[in-house]
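**Q**
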Amino acid sequence: MEKLKALLSDPRKARTAAGCLLVALATLGAVIYCIVYYARLGAVPEEPEASTSVPAESLPTTGVTLEEARQAALDDAGLTAAQVTFSVEALREEQGALMYQLNFRSWNSQFEYLIHAGTGAVYSRSKETRVVSTPAPAEPTPAPETAPPVEGASQPPETAQPSQPPESQPPASAQPEPSPSPAASAPSSMYIGMDRAKSIALEHAGLTSGQARFTRLRMGRRDGQTVYQLRFWQGGTEYEYEIDASTGRVLSHQRNGEGG
Numbered sequence: 014m015e016k017l018k019a020l021l022s023d024p025r026k027a028r029t030a031a032g033c034l035l036v037a038l039a040t041l042g043a044v045i046y047c048i049v050y051y052a053r054l055g056a057v058p059e060e061p062e063a064s065t066s067v068p069a070e071s072l073p074t075t076g077v078t079l080e081e082a083r084q085a086a087l088d089d090a091g092l093t094a095a096q097v098t099f100s101v102e103a104l105r106e107e108q109g110a111l112m113y114q115l116n117f118r119s120w121n122s123q124f125e126y127l128i129h130a131g132t133g134a135v136y137s138r139s140k141e142t143r144v145v146s147t148p149a150p151a152e153p154t155p156a157p158e159t160a161p162p163v164e165g166a167s168q169p170p171e172t173a174q175p176s177q178p179p180e181s182q183p184p185a186s187a188q189p190e191p192s193p194s195p196a197a198s199a200p201s202s203m204y205i206g207m208d209r210a211k212s213i214a215l216e217h218a219g220l221t222s223g224q225a226r227f228t229r230l231r232m233g234r235r236d237g238q239t240v241y242q243l244r245f246w247q248g249g250t251e252y253e254y255e256i257d258a259s260t261g262r263v264l265s266h267q268r269n270g271e272g273g
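In our numbering, the protein residues as written are 14 to 273.
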């Protein structure tokens with residue numbers, strides 16, 4: 014009591030003590046409010062977990078293969094596999110359903126498709142067409158005008174051309190056909206293709222196509238280089254590969270999970 018009286022007798026110490034008491038009461042009130050608030054909600058919020066790769070076993074079973082999804086997109090676009098180049102082939106979840114994302118381009122258009130992995134139906138599509146300008150045809154060069162003959166000038170005698178008997182002319186069927194120009198033939202692709210990249214990754218991992226389940230197939234850029242990015246599962250082990258899209262060389266690979 015004597016210490017309390019001495020404290021209250023000094024106005025400055027009294028103000029400091031009152032301030033500390035108010036801060037303590039405010040902190041206690043805030044703690045009680047949070048406890049009551051979250052108790053009404055029924056649960057205390059948890060820290061969000063870091064995003065991790067989902068094992069292939071936890072994904073819904075697909076009803077169609079990647080090849081069937083490709084064909085469904087090509088049929089809808091009215092194109093063939095030889096007319097397009099695929100740049101993105103991925104498996105993702107959309108509105109609670111598993112979808113194949115397929116991006117490909119033809120000589121003048123870019124396509125993006127979502128194919129339902131359970132039914133093979135086209136979920137969404139988009140098409141962007143590039144305007145390709147065609148060169149205007151060259152105007153024919155007019156033939157040089159011939160000066161009219163001058164009256165009284167001597168004309169050079171015409172030289173008679175010896176006529177060739179009709180039977181000496183080779184038949185039309187014997188005439189050699191012109192060889193097609195190199196431009197008429199389709200140019201070869203500069204990339205190895207996603208199927209070849211999958212085979213290289215599986216061979217490097219010592220697996221077969223029947224043992225692995227692909228969850229990511231994508232074509233992208235890394236350090237200015239075009240690469241195929243692949244992710245697949247075998248049991249509880251996840252494999253990730255980056256493969257040079259031009260040479261097929263394995264640029265990086267990683268194995269996580271069981272046996273990793």
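Even glycine gets a Cβ: it sits at the ideal position worked out from N, Cα and C. Fair warning: this is a prediction, and the values are worked out from it, not measured in the lab.
#1: So for Arg209, helix, strand or coil by DSSP?
#2: In terms of alpha-carbon separation, which member of Gly219, Leu243, Phe227, Ser139 lies closest to Gly233?
#3: Between which two residues does the beta strand (DSSP E) containing Asp257 stretch?
#4: Under the three-state reduction of DSSP, which class applies to Ser22: helix, strand or coil?
#5: When you compare each of Gly249, Ser119, Val135 to Thr142 by their alpha carbons, which one comes out closest?
#6: Less than 9 Å separating the beta-carbons of Gly219 and Gly131?
#7: In this structure, does DSSP put Gln224 in helix, strand or coil?
#8: What number of angstroms, rounded off, separates the C-alpha of Leu127 from the C-alpha of Gly237?
#9: Could you say which of Glu81, Leu115, Ala90, Asn269 lies nearest to Val101 if we only look at CA atoms?
#10: Buried or exposed: which applies to Arg25, given that a residue is buried once 16 or more other Cβ atoms fall within 10 Å of its Cβ?
#11: For Cys33, which residues in the same chain have their Cβ closer than 7 Å to its Cβ, ignoring the five residues on either side in sequence?
#12: Under the rule that 16 or more other beta-carbon atoms within 10 Å means buried, what is Arg83, buried or exposed?
#13: Which stretch, first to last residue, makes up the alpha helix (DSSP H) that contains Arg83?
#14: Roughly how many whole angstroms lie between the Cα atoms of Arg53 and Ala110?
#15: Considering only their Cβ atoms, is the gap separating Leu230 from Leu79 smaller than 9 Å?
#16: Taking buried to mean at least 16 other C-beta atoms within 10 Å of its own C-beta, is Lys211 buried or exposed?
#17: Check Arg143 in the structure and name its three-state DSSP category.
#18: Is Phe117 near Arg138, with beta carbons less than 9 Å apart?
#19: Going by beta-carbon coordinates alone, are Tyr204 and Ala225 separated by less than 9 Å?
#20: If we count the other Cβ atoms within 10 Å of its Cβ and call it buried at 16 or more, is Ala187 buried or exposed?
#21: What's the C-alpha gap between Glu81 and Val49?
**A** Looking at the coordinates:
#1: helix
#2: Leu243
#3: 250–257
#4: helix
#5: Ser119
#6: no
#7: coil
#8: 28 Å
#9: Leu115
#10: exposed
#11: none
#12: buried
#13: 79–90
#14: 34 Å
#15: yes
#16: buried
#17: coil
#18: no
#19: no
#20: With a pLDDT of only 44 at Ala187, under the threshold of 50, the placement of this residue in the model should not be trusted; the figure read from the coordinates follows. Exposed.
#21: 55 Å
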